[in-house]
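Student:
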Amino acid sequence: MDEDIVVVIPNYRVGPFGFLATGDLSAPGNAGLKDQNLALKWTYENVHLFGGDNERITIAGQSAGGSSVGWQLLSKKSQGLFRAAIIESGSPMNTWAYQDDPNSYAIHLASAINSTITELTTKELVEFLQRVDSRALDVASTVALGKQPLPVIEPYHDEAFISEAMFELFDSGTYTQVPTIIGVNSEEKITTANDVAALVKYAKGVDETSRTLVPPYFNYKADVNSDEVGNKIRSIYVGNETLEEHLGQYIRLSSDNQFTRSVIKQGQLMAKYNDVFFYVFSYDGEAGGVSATFPDADSVAHAEELKYNWSTVPLAQLNDQDRLTHYRMMRLWVNFVKYLNPTPVNDDLLQNVTWQKVSEDIYNFLNINGSLSLEQNPKGDHFIGWNSLFDEYAQRPFKTY
């Protein structure tokens with residue numbers, strides 16, 4: 001409110017209510033993303049009643065919300081409803097943001113509710129699930145199966161939200177090309193350092209079975225061996241040594257596999273077509289709330305940046321550096337919403353830094369630490385190594401990355 005910006009926070013269906021799909025038109029899926037699209041339409045049509053301007057809408061999200069922003073960029077259904085995007089630690093190209101075999105999940109969900117169910121047509125399957133009490137459906141999804149359904153690439157139909165591979169749409173420029181802030185935290189998975197015994201166990205396991213390092217949906221070239229690819233991934237981080245010997249590098253690999261690689265790649269692909277301002281949030285302050293550290297790994301976990309740009313802690317309770325970081329984050333984000341440029345003028349608060357856009361030749365990014373610095377090549381050799389790995393062992397089309 002201090003910045004004269006109207007904030008609209010929509011809800012949308014999740015779990016089986018928002019993302020159940022059968023792989024055909026019985027339940028094409030993506031109801032939750034379509035909820036978001038409807039909320040965008042409502043905002044576009046009504047925000048003037050709340051003092052807003054529908055020609056200056058910026059959509060923003062973090063983690064699943066960040067991937068949701070990416071999905072809205074990709075869907076023709078949302079074109080024209082916003083003029084900019086802010087994406088924090090999430091991409092539709094993250095493997096956790098997409099499901100490839102939704103009908104299998106739907107069948108398992110039905111079986112978790114009624115174990116006698118073995119074979120149903122997709123139409124019968126949907127009709128059965130529609131008769132189930134909503135609370136039982138939710139419990140079966142979260143407790144019995146231990147996971148939730150996700151967005152899908154729908155079959156072609158008039159109401160499809162998206163029907164093509166995410167990577168390919170970004171790469172070809174087939175998305176809503178608007179100025180975008182996008183970025184990650186310096187070590188999204190550093191919280192795994194809180195349980196060293198488990199860390200050792202998992203690192204040892206992937207050393208012994210390296211193919212488990214290969215991301216889901218990796219589209220292998222013909223005659224490529226998955227163990228060979230897994231060994232190559234490990235070598236990006238530790239050369240010829242083991243991850244068990246270098247647990248900090250295992251944490252880095254986990255961060256890249258879960259979040260970082262896909263987000264950086266999305267920024268790189270989009271920079272061919274529109275302004276992209278990339279950031280790495282590496283300020284390890286008290287307000288972040290995560291104290292995990294580990295040698296040879298960075299230290300700012302997933303979602304810590306939210307404590308600074310959406311702070312729920314009274315500013316008077318923040319220490320001086322945390323408060324300064326909050327003010328800087330707010331200034332950068334608000335400038336972008338207002339001017340489509342996070343650093344439109346020299347500003348002492350921002351140390352007179354000019355946040356350079358990503359170009360096709362130079363991957364610029366703003367390192368948001370105790371001070372602000374303009375740097376190049378986020379995640380350096382690790383990201384370069386992943387690019388080389390995809391070039392050598394994978395074949396197009398790509399859905400995730």
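Numbering (UniProt numbering), first residue to last: 1 to 401.
C-beta atoms are modelled at their ideal positions from N, C-alpha and C, and glycine is treated no differently.
It should be emphasised that the depicted structure is a prediction, and the values quoted were computed from it without experimental measurement.
1) Could you pull the start and end residues of the alpha helix (DSSP H) that residue 50 belongs to?
2) For residue 180, report the span of its alpha helix (DSSP H) as first-last.
3) Is residue 286 near residue 185, with beta carbons less than 7 Å apart?
4) Taking 7 Å as the threshold (C-beta atoms), are residue 211 and residue 195 in contact?
5) Which value, in whole angstroms, describes the spacing of the CA atoms of residue 191 and residue 235?
6) Roughly how many angstroms lie between the CA atoms of residue 101 and residue 107, to the nearest whole one?
7) Considering residue 372, what are the terminal residues of the beta strand (DSSP E) in which it resides?
8) From residue 69 to residue 364, what does the alpha carbon distance come to, in whole angstroms?
9) When burial is assigned at 16 or more other CB atoms within 10 Å of the CB, is residue 29 buried or exposed?
10) From the DSSP output, which residues share a beta bridge with residue 220?
11) Would residue 44 pass as a contact of residue 81 if the rule is Cβ separation under 7 Å?
12) With residue 249 as the anchor, note down where its alpha helix (DSSP H) starts and where it stops.
13) By how many angstroms is the C-alpha of residue 200 removed from the C-alpha of residue 253?
14) Use the C-beta contact count for residue 229: other C-beta atoms within 10 angstroms, 16 or more gives buried, fewer gives exposed.
15) Taking three-plus beta-carbon pairs below 8 Å as touching, is the stretch 4 to 20 in contact with the stretch 40 to 56?
16) State buried or exposed for residue 293, treating a residue as buried only when at least 16 other CB atoms are found within 10 Å of its CB.
17) I'd like to know if the stretch 131 to 142 and the stretch 103 to 120 are in contact, where contact means that at least 3 CB-CB pairs between them fall below 8 Å.
18) Check each candidate in 264, 291, 87 and 327 and name the one with the smallest Cα separation from residue 59.
19) What is the DSSP secondary structure of residue 59, reduced to helix, strand or coil?
20) Compare the beta carbon distance of residue 22 and residue 103 with 7 Å and say whether it is the shorter of the two.
21) So residue 149 and residue 99 are supposed to be a Cβ contact under 8 Å. How far apart are they, rounded?
22) From 273, 10, 170 and 105, pick the residue whose C-alpha is nearest to that of residue 399; which is it?
23) Residue 271: which of 248, 162, 389 and 178 sits nearest, CA to CA?
24) Identify the residues that DSSP records as bridge partners of residue 85: which are they?
25) Return the CA-CA distance between residue 180 and residue 202, expressed in angstroms with no decimal places.
Tutor: With the given structure in hand:
1) Here residue 50 refers to the residue found at position 50 of the sequence shown. No alpha helix (DSSP H) holds residue 50; DSSP gives it neither H nor E.
2) The residue you call residue 180 lines up with position 180 of the sequence shown. Where residue 180 is concerned, there is no enclosing alpha helix (DSSP H), although the beta strand (DSSP E) it sits in stretches over 180 to 185.
3) Position 286 of the sequence shown, counted from the first residue, corresponds to residue 286. Position 185 of the sequence shown, counted from the first residue, corresponds to residue 185. Contact flag unset, no.
4) By one-based count along the sequence shown, residue 195 stands at place 195. By one-based count along the sequence shown, residue 211 stands at place 211. Not in contact: residue 195 and residue 211 (Cβ atoms no closer than 7 Å).
5) In the sequence shown, residue 191 corresponds to position 191, counting from 1. In the sequence shown, residue 235 corresponds to position 235, counting from 1. Their backbone Cα atoms lie some 23 Å apart in a straight line.
6) Residue mapping note: residue 101 aligns to position 101 of the sequence shown, counting from 1. Residue mapping note: residue 107 aligns to position 107 of the sequence shown, counting from 1. Going from the Cα of residue 101 to the Cα of residue 107 covers about 11 Å.
7) As a position in the sequence shown, residue 372 is number 372, starting the count at 1. Residue 372 -> beta strand (DSSP E) spans 372 to 376.
8) The count along the sequence shown starts at 1 and reaches residue 69 at position 69. The count along the sequence shown starts at 1 and reaches residue 364 at position 364. Using only the alpha carbons, I get a separation of about 22 Å.
9) Position 29 of the sequence shown, counted from the start, is the residue given in the question as residue 29. By the 10 Å Cβ count, residue 29 comes out buried.
10) If you number the sequence shown from 1, residue 220 lands on position 220. BP columns for residue 220 point to 394.
11) Stepping through the sequence shown from its first residue, residue 44 is reached at position 44. Stepping through the sequence shown from its first residue, residue 81 is reached at position 81. Contact flag set, yes.
12) Counted from its first residue, the sequence shown places residue 249 at position 249. Start and end: 247 to 255.
13) Taking the sequence shown and counting its residues from 1, one reaches residue 253 at position 253. Taking the sequence shown and counting its residues from 1, one reaches residue 200 at position 200. Whole-angstrom Cα-Cα distance: 14 Å.
14) Taking the first residue of the sequence shown as position 1, residue 229 is located at position 229. Classification of residue 229: buried, given that the 10 Å Cβ count is 16 or more.
15) yes
16) As a working note, residue 293 is residue 293 in the sequence shown. Under this definition residue 293 is an exposed residue.
17) yes
18) Along the sequence shown, read from residue 1 onward, the residue named residue 59 stands at position 59. Measuring from the Cα of residue 59, the nearest candidate turns out to be 87.
19) Within the sequence shown, the letter at position 59 stands for residue 59. Residue 59 falls in the strand class under three-state DSSP.
20) The residue given as residue 22 occupies position 22 in the sequence shown. The residue given as residue 103 occupies position 103 in the sequence shown. Cβ distance < 7 Å, so residue 22 and residue 103 count as in contact.
21) In the sequence shown, counting from the first residue as 1, residue 149 sits at position 149. In the sequence shown, counting from the first residue as 1, residue 99 sits at position 99. With a Cβ gap of about 6 Å, residue 149 and residue 99 count as contacting.
22) As a working mapping, residue 399 is identified with position 399 in the sequence shown. Among 273, 10, 170 and 105, the Cα nearest to that of residue 399 belongs to 170.
23) If you number the sequence shown from 1, residue 271 lands on position 271. Closest by alpha carbon: 178.
24) Numbered from 1 along the sequence shown, position 85 holds the residue referred to as residue 85. In the DSSP output, where bridge partners are listed per residue, residue 85 has 59 and 180.
25) Position 180 of the sequence shown holds residue 180. Position 202 of the sequence shown holds residue 202. Roughly 36 Å separates the two Cα atoms.
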